[in-house]
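Peer 1: Protein chains in written order, with my numbering: chain A, 2 to 448; chain B, 64 to 553.
Beta carbons: idealized from backbone N, C-alpha and C, even for Gly.
The structure presented is a predicted model; accordingly, all values stated were derived computationally and were not measured.
#1: Counting only C-beta atoms, is residue 60 of chain A closer than 8 angstroms to chain B at any point?
#2: Kindly list the residues whose CB is nearer than 7 angstroms to the CB of residue 546 of chain B, restricted to its own chain and excluding five residues on each side of it in sequence; keep chain order.
#3: So, with DSSP's three-state summary, where would you put residue 183 of chain A?
#4: Going along the chain, which residues of its own chain have a beta-carbon closer than 8 angstroms to the beta-carbon of residue 500 of chain B, five neighbours each way excluded?
#5: The region 341-355 of chain B: which residues have C-beta closer than 7 angstroms to a C-beta of chain A, in chain order?
#6: Exposed or buried, what is residue 183 of chain B when buried is set at 16 or more other beta-carbons lying within 10 Å of its beta-carbon?
#7: Under 8 angstroms between C-beta atoms, does residue 280 of chain A make it to chain B?
#8: Verify whether the separation of the beta carbon atoms of residue 344 of chain A and residue 116 of chain B is less than 8 angstroms.
#9: Have a look at residue 93 of chain A and residue 32 of chain A and give me their C-alpha separation to the nearest angstrom.
#10: Which residues in the same chain as residue 123 of chain B place their Cβ atom closer than 7 angstroms to its Cβ, once the five residues preceding and following it in sequence are excluded?
#11: In the DSSP assignment, what residue or residues form a beta bridge with residue 545 of chain B?
#12: I need the DSSP call for residue 214 of chain A, collapsed to helix, strand or coil.
#13: Taking the C-alpha atoms as reference points, what is the distance between residue 448 of chain A and residue 441 of chain A?
#14: I want to see whether chain B comes within less than 8 angstroms of residue 447 of chain A, judged by CB atoms only; does it?
#15: In whole angstroms, what separates the C-alpha of residue 269 of chain B from that of residue 204 of chain B?
#16: DSSP on residue 455 of chain B, reduced to helix/strand/coil?
#17: Whole angstroms is fine: what's the gap from residue 405 of chain B's alpha carbon to residue 44 of chain A's?
#18: The alpha helix (DSSP H) with residue 468 of chain B in it runs from where to where?
#19: Using CA coordinates, which residue listed in A:117, A:36, A:246, A:216 is at the minimum distance from residue 334 of chain A?
#20: Assign residue 434 of chain A to buried or exposed, taking buried as 16 or more other Cβ atoms, counted over all protein chains shown, within 10 Å of its Cβ.
#21: Buried or exposed: which applies to residue 99 of chain B, given that a residue is buried once 16 or more other Cβ atoms fall within 10 Å of its Cβ?
#22: Check residue 192 of chain B in the structure and name its three-state DSSP category.
#23: Please identify, using Cβ separations under 8 angstroms, the residues of the region 88-103 of chain B that lie next to chain A, in order along the chain.
#24: Mind listing the chain B neighbours of residue 214 of chain A? Cutoff is C-beta to C-beta under 8 angstroms, in chain order.
#25: Would you check if the region 106-113 of chain A and the region 283-290 of chain A touch, i.e. whether three or more CB-CB distances between them fall below 8 angstroms?
#26: Using the beta-carbon of each residue, which ones in chain A are nearer than 9 angstroms to residue 419 of chain B?
#27: Could you list which residues in chain A have their beta carbon closer than 7 angstroms to that of residue 86 of chain B, in chain order?
#28: Can you name the residues of chain B whose CB is closer than 9 angstroms to the CB of residue 77 of chain A?
#29: With 8 angstroms set as the bound, which would you pick, yes or no: does the beta-carbon of residue 243 of chain B sit closer than that to a beta-carbon of chain A?
#30: Can at least three beta-carbon pairs, one atom from the region 308-318 of chain A and one from the region 66-77 of chain A, be found at a separation below 8 angstroms?
#31: What is the rounded straight-line gap between the Cα of residue 241 of chain B and the Cα of residue 322 of chain A?
#32: Distance, Cα to Cα, residue 333 of chain B vs residue 220 of chain B?
#33: Say whether the region 362-379 of chain B touches the region 162-179 of chain B, bearing in mind that this needs 3 or more beta-carbon pairs closer than 8 angstroms, one atom from each stretch.
#34: Quick test of your reading: residue 121 of chain B and residue 401 of chain A, contact by CB under 8 angstroms. State the CB separation rounded to the nearest angstrom.
#35: Verify the CB distance criterion: does residue 263 of chain A have a CB-CB separation below 8 angstroms to chain B?
#36: Please tell me whether residue 55 of chain A has its Cβ less than 8 angstroms away from any Cβ of chain B.
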């Protein structure tokens, strides 16, 4: 297949116009020593029917969630993606556009991002949101850097109950920045409040927690925020946006920066990427924000319009003095989130959150009543919970797979002290019948 | 023509109902969640029906301009056609409906696709190993520089904390160095627009960690001295990093790995035809020579040759860690894989050839009217400045850009690279036809005439767009960053 449309005749005439004897002639600036002497060693080109067949075969080599009931969560969630979302994302005026540098012909993207920012503010209870970051993990890392810049302090306290991959990412981002990352241990599946109090002091730039946390447990977030505030540290909350249909908005309990993973808002799982990092903050922090911001303004006729704004924070203007190096973000995923939240609206989001909550608690009740299975933690939870099994979680998952169920995450993978514990998730998509099969499968001894 | 905000549409109580009734016994929310953690006020989300939402976003899309709308010669961004079969690939249920923590034996197709893509990219760039984890070009730069820093530190050369960039570099290069906690040393370009070897040699020292170069550079010129540059950098004990944004010019022609680069990021959303999405998602895979491979982010996607299965390798003690969650923008990688398999090696070479033919052809049509500050054979893009007399008439590059919209085109990149005042950076890409280039050149020449005869026409442009030029100064001074109900603004 080829997407070049010049014909051989075109090329000859164009070369003549350029004054080049041959195509080779155009590459004469490239020293002979570094010119490829042979063709690239790649597979032969494929025509579209052959290519489509090949892709279907590769796709079929995976067990997809249309065919399996998925109880895995841990940062990537099988929430329903309404048909309207993908239909609208396929409008190629959206997906084949670049970053909206020319506002007069980019009002579609710009207004959609402005609406997305407004929706994220509404969800989180914050005053400003950016146009998106790569994912929840890098958004949390950027929030830590923002807090260090704002407070001029060089230490962050990160709860051990934050997603392990997010903590890895925070450490990577801060490695050469002279910032000390202290992890506050958990107890009973939540951040240990006493240990935390002992760690936060006048050197602390930020306290970073996740709500609900990696174990699915709800943190006593207002108290943690209070501890941060007492020492002048910023309070950073990494939130599950779907949970905010029933859980208190972090802005209401003192968060200064709210970040999180927005994949669950109308985006496919796609094996973990693209994701959607969202970030919202208080107005006073806006000029420290990384990433694009869209603002409302007007043209000379007084018509409302939208532009990229406060660009003096960004790499293309400030170079090494920019607040971040981010350029491309996840705009189309943010558009999906805007469409999703617009459709669901006030009532729909509450309903999704409530379905998750109810189903997870129904599953929890069934599973923890099984012989040999107990709840790992006592803390309240939203859509995820951990249970201790007598069997190896991998063995249980293999048994479940035969019944078309993808079981939970072996917590031992990230927390060796919790090996033998399984983290399970119920979204609104899981049916009572699937939950009951899950429980039966967990309870069933190997045959 | 403006479109109301979604918040201004709909009516109280309206919603789109996708969700079924609850099929499990319902308990009181207050029983499950402590009162102080429960939401008191529902979020102020829109209340609209599905049809309203469909119309709203469809109308918004009509206010946009994409590659499918028309010619989009945005320099440095490689706005080539986005093949539709790529979209088909990414949406296949085995790719889209896949959880990242499924067991490896359930996701062999996805891992294989990643493994093969890594191999193809290594072959295309002349590198030894690739990671697909970075989510964008700048994220790739960050990953690459961190690896370089970790490499120096591992050798005990902890004092290497300076990064040299030419003054023609992308803004992300110095911004990335700062993000990595490194210092930036900018060197002036030589009179021909490429790296000044003497300036480079003078800047190199025992504290230099890396030199970041784009080749061809942002003027669309190939660094003819690349071998001497690489030699000087390596003799100083530093490493040479390639910003692969301009890889489209040399696919199948020349490989950065053979030029002496030690690491490179690619922009799959530029060179490998995945859509830009209005600003993302893209993907910024990073390739390295084998001596840097131990520092790649974990996990690595590897093939076990005995069993023929792929696996995720977390056992990488020297790794810089993770730069994000999971394994990268897999959906974007699937599109790029599709593109590479559609074209094959010969097809990729044809991409570079036609990208360079198209750029030189377009240059030949506007040269003479538009001034070309570094005028020689260009690669995939060129930089021009406004015609003579424009400055005297009070006309700027922005005016040309805005007037181009009236002719139905997306303007080129403007005011970049920074070393050229009033720059217009034009990258036609290989997927445009000669006829399109002829018509676009015609518009540029017509605008040159209009500028001389009726400068006001350009200053007031664009005339036919949904909105006229917007007040960006007020937008930045008094930012309005979200919708609030009437009476609650501020």
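Peer 2: Let's see:
#1: yes
#2: 68, 70
#3: strand
#4: 421, 424, 425, 428, 491
#5: 341, 342, 343, 344, 345
#6: buried
#7: no
#8: yes
#9: 40 angstroms
#10: 66
#11: The partner list for residue 545 of chain B (beta bridge, DSSP) is empty, contrary to what the question assumes.
#12: coil
#13: With a pLDDT of only 40 at residue 448 of chain A, under 50, the local geometry of the prediction cannot be trusted, and the value read off the model is given with reservation. So the alpha carbons of these two residues sit roughly 13 angstroms apart.
#14: Residue confidence for residue 447 of chain A is low, a pLDDT of 46 falling below 50, so the modelled location carries little weight and cannot support an answer.
#15: 22 angstroms
#16: coil
#17: 9 angstroms
#18: 460-469
#19: A:117
#20: exposed
#21: exposed
#22: strand
#23: 88, 89, 90, 92, 95, 96, 97, 99, 100, 101, 102, 103
#24: Chain B residues near residue 214 of chain A: none, gap ~12 angstroms exceeds 8 angstroms.
#25: no
#26: 24, 27, 28
#27: 432, 433
#28: 162, 163, 164, 388, 389
#29: yes
#30: no
#31: 7 angstroms
#32: 35 angstroms
#33: yes
#34: About 42 angstroms; that fails the 8 angstroms criterion.
#35: no
#36: yes
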